[in-house]
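Student: If you use our numbering, the sequence shown corresponds to residues 2 to 313, in order. The beta-carbon is built from N, C-alpha and C at its ideal position, and this holds for glycine as well. No experiment lies behind these values; they were computed from the predicted model shown.
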Amino acid sequence: MTQSPTTPKIPVSPEKKSGSKGWIILAILLLIIIVAILIWYVPMKNKYLGLLSEKELQQIELQAELDELMILHDSIKAQYGTLSDSLSAKDSIILANAKEIQELLNYKWEYRKVNKKLAMLREITQGYVHQIDSLYTVNNELKEENEKIRQQYTLEQDKSRELIREKETLVDKVKEATVLRAYNVSAYGVRLTGSGRERDTDKARKIEKVNICFTLAENKLTEPGIKTVYVRILRPDNVVVTQKVGEDYSFTFQDQQLEYTTKKELDYQNQEMNTCMYWTKKNKEEAAMVGVYKVFVYTGGYLIGETSFELF
């Protein structure tokens with residue numbers, strides 16, 4: 002049986018054994034360092050994340066407070082309307098501070114700085130509310146005072162109007178008292194006899210003239226002097242009987258121009274006065290209209306008496 006040859010063993014030198022141990026030690030040291038770093042880093046990371054979360058929460062809280070202040074400010078402006086315009090300077094300060102705080106919150110910011118500015122803004126806003134509330138109170142007091150003045154003025158106006166009405170009524174009564182009055186007013190037709198004497202008649206075919214007689218009443222209040230008296234006779238067809246020959250037979254009555262039949266000037270001296278006026282028919286051959294004739298007497302712009310007569 003043949004024996005195989007034996008492989009010779011290579012001897013390991015002491016230097017190689019020493020190098021391998023060095024690498025193992027170095028690896029262990031590195032592993033220890035890495036573990037130490039991880040042990041330090043994880044708590045630090047958690048702490049950092051906690052700080053970051055707290056900072057974000059602070060930012061949210063500060064933003065919410067800013068928004069709340071501005072909503073309150075806008076609400077007050079809307080509630081008080083034009084009254085807030087008188088505090089426009091303070092309003093500008095509030096808006097400028099709010100803008101600065103918003104910029105700090107949007108970008109790089111510090112909690113203390115923002116919180117300090119918010120506290121200042123809160124104080125300014127409270128002062129704004131106090132001032133506008135004071136203005137509102139004063140404004141209401143002024144409104145109440147103005148309302149009292151207006152009511153008093155209205156009351157005085159009513160009193161003044163009442164006095165004016167009473168005065169006008171008194172003036173009207175006095176004026177009415179000065180108006181002349183005519184009584185015993187009569188009108189009748191007249192014909193002339195062959196001898197020229199007048200005879201009363203109610204025959205339409207015979208009448209030649211109309212006599213109108215009346216008495217002016219005594220009146221101590223009217224102004225004495227010349228009074229122009231107008232007589233207006235209406236035919237049965239309501240046409241005015243006139244003598245339209247080169248003269249305007251009209252006078253003013255209640256802002257109207259009326260035609261008259263005849264007129265007469267009387268010297269009235271506040272005493273009772275009897276007088277007669279007449280109208281002569283132009284065409285003696287033509288018969289007058291049959292029917293009722295109405296007679297009205299005027300002076301000083303007033304109707305002072307009336308009567309009627311009838312022709313057959």
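State buried or exposed for residue 299, treating a residue as buried only when at least 16 other CB atoms are found within 10 Å of its CB.
Tutor: The residue in question, residue 299, is buried, as its Cβ has 16 or more Cβ neighbours within 10 Å.
Student: Look at residue 1 and residue 195 and say whether their C-beta atoms are less than 8 angstroms apart.
Tutor: Given a span of 2 to 313 for the chain in the structure shown, any question on residue 1 remains unanswerable.
Student: Give the DSSP bridge partners of residue 266, in chain order.
Tutor: Its beta-bridge partners are 229.
Student: By the 10 Å Cβ neighbour count, where 16 or more other Cβ atoms means buried, how is residue 311 classified, buried or exposed?
Tutor: It counts as exposed.
Student: Between residue 262 and residue 242, how many whole angstroms is the CB-CB distance? I'm expecting something under 8 angstroms.
Tutor: Rounded, the Cβ-Cβ distance is 5 angstroms, consistent with contact.
Student: Are there 16 or more other CB atoms within 10 angstroms of the CB of residue 229, so buried, or fewer, so exposed?
Tutor: Burial call: exposed.
Student: Counting beta carbon pairs with one atom in the segment 254 to 271 and one in the segment 282 to 290, are three or more of them shorter than 8 angstroms?
Tutor: Cβ pair count under 8 angstroms is below three, so no.
Student: Touch check for the segment 251 to 261 and the segment 173 to 191: three-plus C-beta pairs under 8 angstroms?
Tutor: Result no; under three Cβ-Cβ pairs closer than 8 angstroms.
Student: What residue from 188, 216, 98, 251 has the CA that sits closest to residue 305's CA?
Tutor: Residue 305 has its Cα closest to that of 216, out of 188, 216, 98, 251.
Student: Do you know offhand how far residue 225's Cα is from residue 265's?
Tutor: In a straight line, the C-alpha of residue 225 is about 16 angstroms away from that of residue 265.
Student: Give me the Cα-Cα distance between residue 236 and residue 171, rounded to the nearest whole angstrom.
Tutor: Near 38 angstroms, if we compare the C-alpha coordinates of residue 171 and residue 236.
Student: Answer with buried or exposed for residue 30, where buried requires no fewer than 16 other C-beta atoms within 10 angstroms of its C-beta.
Tutor: Exposed, by the Cβ-count rule.
Student: Is it right to say residue 297 is buried, meaning 16 or more other beta carbons lie within 10 angstroms of its own, or is it exposed?
Tutor: When all chains shown are included, residue 297 counts as buried.
Student: Out of 240, 116, 34, 179, which has the shortest C-alpha to C-alpha gap to residue 290?
Tutor: When each option's Cα is compared against that of residue 290, the closest is 240.
Student: For residue 219, which residues of its own chain have a beta-carbon under 8 angstroms away from its beta-carbon, when the five flanking residues on both sides are left out?
Tutor: Within the same chain, residue 219 has close Cβ partners 271, 272, 273.
Student: Mapping the DSSP letters down to three states, classify residue 287 as helix, strand or coil.
Tutor: Correct three-state label for residue 287: coil.
Student: Under 8 angstroms Cβ to Cβ from residue 71, same chain only, skipping five residues before and after it: list those, please.
Tutor: Result list for residue 71: 99, in chain order.
Student: Where does the unbroken beta strand (DSSP E) through residue 257 begin, and where does it stop?
Tutor: First-last of the beta strand (DSSP E) with residue 257: 257 to 260.
Student: Residue 271 bridges to which residues according to DSSP?
Tutor: DSSP, once it has assigned bridges, lists no residue as partnering residue 271.
Student: DSSP state of residue 208, grouped into three classes?
Tutor: It is coil, neither helix nor strand.
Student: From 251, 231, 286, 244, pick the residue whose C-alpha is nearest to that of residue 277; which is it?
Tutor: Selected option, being the one with the closest Cα: 231.
Student: Tell me the DSSP bridge mates of residue 292?
Tutor: In DSSP, residue 292 forms a bridge with 312.
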